[in-house]
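full-length UniProt numbering puts the sequence shown at residues 1 to 738.
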Amino acid sequence: MATLLYRLGRGSLRRRRLVVAVWLVVLVGLGLAAATLRGPTASNFTMPGTESQRALDLLAEQFPAASGATGTIALKAPADGQLTTPQGQAVVKEVVQKASTLPGVVGAVDPFSVGAVSPDGRYALVQVQFATGADEVDDAQRTAYERVGASAEAQGWQVASGGEVLNAEPEVGSTEAIGVLVAAVVLVITFGSLVAAGMTMLNALIGVGVGMAGLFALSSVVELTSTAPILALMLGLAVGIDYSLFITSRYRQHLLEGLPADEAVGRAVGTAGSAVLFAGATVVIALAGLAVVDIPFLTVMGLAAAGTVTVAVLVALTLQPALLGFAGRRVLPRRLRSAVPAAPATDAPADEEPGHTAPAEDRSGFGFRWARLVTRLRVPVILVGLLGLGLLAVPTPDMRLALPDAGTAPAGSSARVSHDLISEGFGPGFTGRLAVVVAGDNPQATAAAVPQVTALVQRTENVLAVAPPQLSPDGRTALLGVVPKTGPTDADTETLVHDIRESVSGIRDADVLLTGATAIGIDVSEKLADALPVYLLLVVGLSVLLLMLVFRSLLVPVKAALGFLLTVAATFGITVAVFQQGHLADLVGLDDPGPLISFLPILLIGILFGLAMDYEVFLVSRMREDFVHGDTAQQATINGMGHGARVVTAAALIMISVFGGFVFFLHDPVIKSIGFALAVGVAIDAFVVRMTIVPAVMSLLGSRAWWLPRWLGKALPNVDIEGEGLRAHLAERTPTPV
């Protein structure tokens, strides 16, 4: 593998104009395709196979008028009892009339006709039914819907539009560029060269541009969830910078050893590029593995991000060497360019030419000093690290999961104000109403079943009210609204959903299905929880096998997996403490804490495992490389840390800054929680696990870390990530002195 990548790196440098031209053509071509073929994104979370989804499908087929998006306009009069006055009723009727004539609206329900007026005569709810789903409602229709109460507001009323129709996709604004700017500053400090930093950033931006353009070009034939492009951008940008950073760092090291540019690039791609390839493979495996849980929106998110990571790897292995060829020795700081003599471009490795002596390696840097300290105090370091991560993980068992509702929307938004008005005037259950669908083979069967279902639901604990049934045109389907006493994310509401389903399970003459946004959220959360152990076993198992192939060791992959589990537990604990329990919520701009988004655990495991293996592969591959080439296990551990600490620190800071941009500059709580969890997870894994606990454990294991049964060693193919075969290949090219 190393020899193949060595040749790829040299070939890319020597044909650098062609390589750059090809990538630019690909970028422009996909950009044009994205501009012309881009389709809409979906903001709903469907879950085939669940009862709530079957109910929605049934409504769409037999009761199309009730299958479109719904909205709720909350009105609050200036004083109690004002709704009962002729003037108050006139204001409400004007809102109803305007809402019913909005583009895309089927009709609006007068609150006086259905009793949607609070007992104190101050609050009213206007139900609005749209003809299409929320994803098909355009921005102009949403804007008109949000402004429907302007006349009432001018008279001192408080009017706020809410409901699923406002579930628009989150926008990625220009403020996220701050994360990229922080990454650029880190690169400049790391390299001490604007050329090296700018080239690395340019390479990553081209890669993420190609990946995102390809993703949007496919959006016309593949339904993307609204969070999929953001996740792909977030991850593609972070790993793109990191992978380019790894290769550029090794290239600079070889230049300082006196190697010519093409040889330095070849060796950098052959060694660091091998680490990039296998690190990228672990990320792709973890993300593509999301397809195994058979949840469509999660599969799309995983595959979209896996695609951008794949592009980032290809760009790092081909475009980066080409750009390094244009930059030459300018990737070095000015003070070092003149200190290292220019080496001739020759096929013979410069460090093996007669009379050549590579500069003595400086082992006084922080990485070497830190490695010596950690290996000397390895037992206390391991114990303190385990204790600290264990304490951070304490809140994890209290984690609650749910799909987001309007109660988590940004303060001041129309959806949030509507939610708060409804809770204030009618109670929290009105913000998470359930829907019972009764479908019989004929109108008579449905008519007979509806009273039974109504009675059973009304007797269920925690039910506040059951609305009169609405019948489909053919009379075979009935829709009953159910109002819980508690809010949509309350644990008692989850219990209520199960209780209702159990109570109506005895109805034989009709199908009785429970649905609604609240029921869908509960079904999604439960299916994700059931899939989590299978996914964790699959991803960790496949990645352990891959790392066993890379490092030719049993203990190193197991250690890597156990370290990852520590990272995940601590990350979950911190995320629960902030986003669910509300500790330091103001620091991240979170208005109201609440349950975590249902798919956060499984998504975090998939992404964070891949990112954790990036640092594991980069650090430990250098340890393996030095151990294979003759160093003791202890010295190889110190060397791996010494050479990799600066680069891994920079890579981690870059990822943290990119993910942090999505925490502090986006209002969407879902994206905030994902960005926060990833940023915290990277920080813990890079600085606590990989750069502290890992070298301590490697030092404790010594040469046993690299043990592999002989029979297994023969069975595993040798991918040569440490470059042993490459070194033999280079030795064969060097003429023997006579």
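Every residue gets a Cβ at the ideal spot worked out from N, C-alpha and C, and that includes glycine. Everything numeric in this text was worked out from a predicted model, so none of it was measured.
{"Asked": "Check whether the stretch 207 to 216 and the stretch 309 to 321 touch, using three or more Cβ-Cβ pairs below 8 angstroms as the test.", "Found": "yes"}
{"Asked": "Which residue from Thr495, Gly481, Gly429 and Asp511 puts its Cα closest to that of Gly487?", "Found": "Gly429"}
{"Asked": "Under three-state DSSP, which class holds Ala409?", "Found": "coil"}
{"Asked": "Within a Cβ cutoff of 6 angstroms, which residues of the same chain sit near Thr36, ignoring the five residues on either side of it in sequence?", "Found": "none"}
{"Asked": "Hey, Ala268 and Gly9 are a contact pair by Cβ (cut 8 angstroms); roughly how many whole angstroms apart?", "Found": "7 angstroms"}
{"Asked": "Going by the beta-carbon positions, is the gap between Ala2 and Gly270 smaller than 8 angstroms?", "Found": "yes"}
{"Asked": "Bridge partners of Phe493, per DSSP?", "Found": "The sequence shown places Thr at residue 493, rather than the Phe named in the question. According to DSSP, which records beta bridges pairwise, Thr493 is partnered with nothing at all."}
{"Asked": "Report the three-state DSSP secondary structure of Ser716 (helix, strand or coil).", "Found": "It is Leu, not Ser, that sits at residue 716 in the sequence shown. The answer is coil: DSSP assigns Leu716 none of H, G, I, E or B."}
{"Asked": "What is the DSSP secondary structure of Ala510, counted as helix, strand or coil?", "Found": "strand"}
{"Asked": "Can you tell me the Cβ-Cβ gap for Val331 and Arg252, rounded? I've got them flagged as a contact below 8 angstroms.", "Found": "6 angstroms"}
{"Asked": "From Leu80 to Val96, what does the alpha carbon distance come to, in whole angstroms?", "Found": "The sequence given here has Asp at residue 80, not Leu. Approximately 20 angstroms between the Cα atoms of the pair."}
{"Asked": "Roughly how many angstroms lie between the CA atoms of Ala327 and Val617, to the nearest whole one?", "Found": "27 angstroms"}
{"Asked": "With three or more beta-carbon pairs closer than 8 angstroms as the criterion, would you say the stretch 177 to 195 touches the stretch 427 to 443?", "Found": "no"}
{"Asked": "I need the straight-line Cα distance from Leu205 to Tyr615, nearest angstrom please.", "Found": "21 angstroms"}
{"Asked": "Return yes when the Cβ of Val648 is within less than 8 angstroms of the Cβ of Arg622, no when it is not.", "Found": "no"}
{"Asked": "Quick check on this structure: which residue in Gly273, Leu166, Gly573 and Leu298 has the alpha carbon closest to the alpha carbon of Ala393?", "Found": "Gly573"}
{"Asked": "Could you spell out the range, first to last residue, of the alpha helix (DSSP H) harbouring Thr692?", "Found": "Premise fails: Thr692 is in no alpha helix (DSSP H) and is neither H nor E."}
{"Asked": "Under a three-way DSSP split, which group does Ile597 fall into?", "Found": "strand"}
{"Asked": "For Pro359, does the three-state DSSP call read helix, strand or coil?", "Found": "For Pro359, the predicted model reports a pLDDT of 48, less than 50, meaning its position is unreliable; a value from the coordinates is still stated below. Pro359 falls in the coil class under three-state DSSP."}
{"Asked": "Whole beta strand (DSSP E) runs in the stretch 146 to 233 with 3 or more residues, listed along the chain?", "Found": "158 to 162"}
{"Asked": "How should Glu51 be labelled, buried or exposed, when 16 other C-beta atoms within 10 angstroms of its C-beta is the threshold for buried?", "Found": "buried"}
{"Asked": "Along the chain, where does the beta strand (DSSP E) containing Gln127 start, and where does it finish?", "Found": "Tyr123 to Phe130"}
{"Asked": "Return the chain-ordered ranges of every alpha helix (DSSP H) run that is complete within the stretch 538 to 576 and spans a minimum of 4 residues.", "Found": "555 to 575"}
{"Asked": "Where does the unbroken beta strand (DSSP E) through Leu75 begin, and where does it stop?", "Found": "Thr70 to Lys76"}
{"Asked": "Taking the straight line between their C-alpha atoms, what separation do you get for Glu494 and Met698?", "Found": "47 angstroms"}
{"Asked": "Starting from the C-beta of Ala160, find all residues in its chain whose C-beta is less than 7 angstroms away, skip the five residues before and the five after it, and write them out in chain order.", "Found": "Ala74, Ser414, Val417, Ser418 and Leu421"}
{"Asked": "Which whole-angstrom value is the C-beta distance of Ala585 and Val578, which I expect to be below 8 angstroms?", "Found": "6 angstroms"}
{"Asked": "Hey, would you say Leu538 sits closer than 8 angstroms to Val292, going by beta carbons?", "Found": "yes"}
{"Asked": "Pull up the distance between the alpha-carbon of Gly407 and that of Val466, whole angstroms please.", "Found": "23 angstroms"}
{"Asked": "Taking the alpha-carbon of residue 750 as reference, which of Leu590, Pro601, Gly207 and Ala448 has the nearest alpha-carbon?", "Found": "The first residue shown for the chain is 1 and the last is 738, placing residue 750 beyond what the model contains."}
{"Asked": "Grouping DSSP H, G and I as helix and E and B as strand, with all else coil, what is Ala306?", "Found": "helix"}
{"Asked": "From Glu263, Ile241 and Val374, pick the residue whose C-alpha is nearest to that of Thr308; which is it?", "Found": "Ile241"}
{"Asked": "Pop quiz: Thr318 and Pro695 are said to be a contact at Cβ under 8 angstroms. What is the actual Cβ separation, rounded to whole angstroms?", "Found": "So it is not a contact: roughly 32 angstroms between Cβ atoms."}
{"Asked": "Sort out for me which residues DSSP pairs Thr515 with in a bridge.", "Found": "Ala435"}
{"Asked": "Below 8 angstroms, can you find three or more Cβ-Cβ pairs linking the stretch 142 to 152 to the stretch 83 to 103?", "Found": "yes"}
{"Asked": "Taking the C-alpha atoms as reference points, what is the distance between Leu496 and Arg400?", "Found": "17 angstroms"}
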